[in-house]
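Here's the structure, in structure tokens; my notes come after.
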Amino acid sequence: MLVGLIGYGAIGKFLAEWLERNGFEIAAILDVRGEHEKMVRGIDEFLQREMDVAVEAASQQAVKDYAEKILKAGIDLIVLSTGAFADRDFLSRVREVCRKTGRRVYIASGAIGGLDAIFSASELIEEIVLTTRKNWRQFGRKGVIFEGSASEAAQKFPKNLNVAATLSIASGKDVKVRLVADEVEENIHEILVRGEFGEMEIRVRNRPMRENPKTSYLAALSVTRILRNLKEGLVV
Numbered sequence: 012m013l014v015g016l017i018g019y020g021a022i023g024k025f026l027a028e029w030l031e032r033n034g035f036e037i038a039a040i041l042d043v044r045g046e047h048e049k050m051v052r053g054i055d056e057f058l059q060r061e062m063d064v065a066v067e068a069a070s071q072q073a074v075k076d077y078a079e080k081i082l083k084a085g086i087d088l089i090v091l092s093t094g095a096f097a098d099r100d101f102l103s104r105v106r107e108v109c110r111k112t113g114r115r116v117y118i119a120s121g122a123i124g125g126l127d128a129i130f131s132a133s134e135l136i137e138e139i140v141l142t143t144r145k146n147w148r149q150f151g152r153k154g155v156i157f158e159g160s161a162s163e164a165a166q167k168f169p170k171n172l173n174v175a176a177t178l179s180i181a182s183g184k185d186v187k188v189r190l191v192a193d194e195v196e197e198n199i200h201e202i203l204v205r206g207e208f209g210e211m212e213i214r215v216r217n218r219p220m221r222e223n224p225k226t227s228y229l230a231a232l233s234v235t236r237i238l239r240n241l242k243e244g245l246v247v
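So the mapping is simple: my numbering equals the position in the sequence shown, first residue as 1, plus 11.
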């Protein structure tokens with residue numbers, strides 16, 4: 012399977028090594044920095060390479076800049092920076108391009124788990140609450156930094172939006188978000204889901220990648236799960 016990578020930071024480098032170890036072929040890596048034999052500097056050159064799927068591991072802006080072009084080129088796309096889809100107009104455009112081209116966007120679960128159960132129960136969900144706890148030193152104080160809807164969080168904390176956006180897509184609801192500055196060394200995500208189906212509580216304590224303490228190891232691993240499913244055919 013031929014895979015293109017967008018972004019060559021901590022996750023991109025991890026994925027490049029993982030792909031080579033697991034029988035995949037790297038078609039191209041798109042980044043303005045870094046060195047690799049498959050590196051390209053622009054989207055046009057990237058799309059000239061034959062590939063089965065592209066993986067975004069760069070930024071929300073990269074998703075907005077490249078997603079539609081990649082899909083229109085007949086390439087499926089795996090997205091990590093799902094906060095880009097907090098822009099409802101952009102999300103609608105991407106869905107329309109998928110419908111017209113028959114291509115797919117795979118939403119990586121990123122730094123959380125339980126998306127399969129949340130998506131299964133989505134029609135019966137009445138409330139979904141995300142509480143994210145981060146080290147208080149990032150904010151200079153302890154306590155609740157933000158409490159409101161995911162759409163409100165998109166305006167105030169766009170860089171912290173990926174998890175909330177992923178939950179909104181899976182549940183079809185505007186997630187309630189609490190951002191708490193706490194005495195923690197690792198980011199913690201607590202998800203509470205209620206509805207006619209019952210109740211779910213999901214808690215994930217993320218271990219950061221050594222190469223970038225702001226990036227969760229689980230986020231990188233969530234991409235490898237999708238790639239394994241695509242290659243092996245047995246989808247979990």
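Where a beta carbon is used, it is the ideal one built from N, C-alpha and C, also for glycine.
For residue i, is the classification buried or exposed, using 16 other Cβ atoms within 10 angstroms of its Cβ as the cut-off for buried?
i	result
G154	exposed
S131	exposed
D55	exposed
L245	exposed
N240	exposed
Q71	buried
S103	exposed
K24	buried
Just the Cα atoms here: how many angstroms apart are residue i and residue j?
i	j	result
I237	M50	23 Å
R32	E134	40 Å
D98	T142	21 Å
V108	N171	27 Å
I136	D193	29 Å
E212	A175	15 Å
I123	L190	15 Å
R44	G20	9 Å
G209	V116	29 Å
D63	F101	23 Å
By DSSP's criteria, residue i is part of a beta bridge. Which residues make up the other side?
i	result
D193	N146
G154	A192
K187	V140, S160
E201	T142, R214
V116	L88
M220	N223
L41	I17, V51
Using C-beta distances below 6 Å, list every residue in its chain close to residue i, excluding the 5 sequence neighbours before and after it, in chain order.
i	result
A39	G15, K49, V51, F57, R60
E36	L13
V140	K187, L203
A9	Residue 9 lies beyond the stretch modelled for the chain, which goes from 12 to 247, so this question has no answer here.
Quick one: what's got a C-beta closer than 7 Å to residue i's C-beta in the same chain, skipping five residues either side?
i	result
K167	F157
T9	This structure does not reach residue 9, given that the chain is present from 12 up to 247, and the question cannot be answered.
E257	Shown here, the chain extends from 12 to 247; a query on residue 257 therefore has no answer.
K83	V108, T112
Suppose the cutoff is 8 Å on Cβ atoms and the five residues either side in sequence are ignored; what does the same chain contact list for residue i look like?
i	result
E67	I17, G18, A73, V74, Y77, A78, L88, I89, V90, L91, S92
K242	M12, G34, F35
Closer than 6 Å to a non-hydrogen atom of the ligand MN - does that hold for the CB of residue i?
i	result
R60	Ligands are entirely absent from the displayed structure, and the ligand MN is therefore not among its contents.
Next item on the list: Determine, using beta-carbon pairs with one atom in the region 219-236 and one in the region 159-167, whether at least three such pairs fall under 8 Å.
Entry: Between the region 219-236 and the region 159-167, the count of Cβ pairs shorter than 8 Å is below three; the stretches do not touch.
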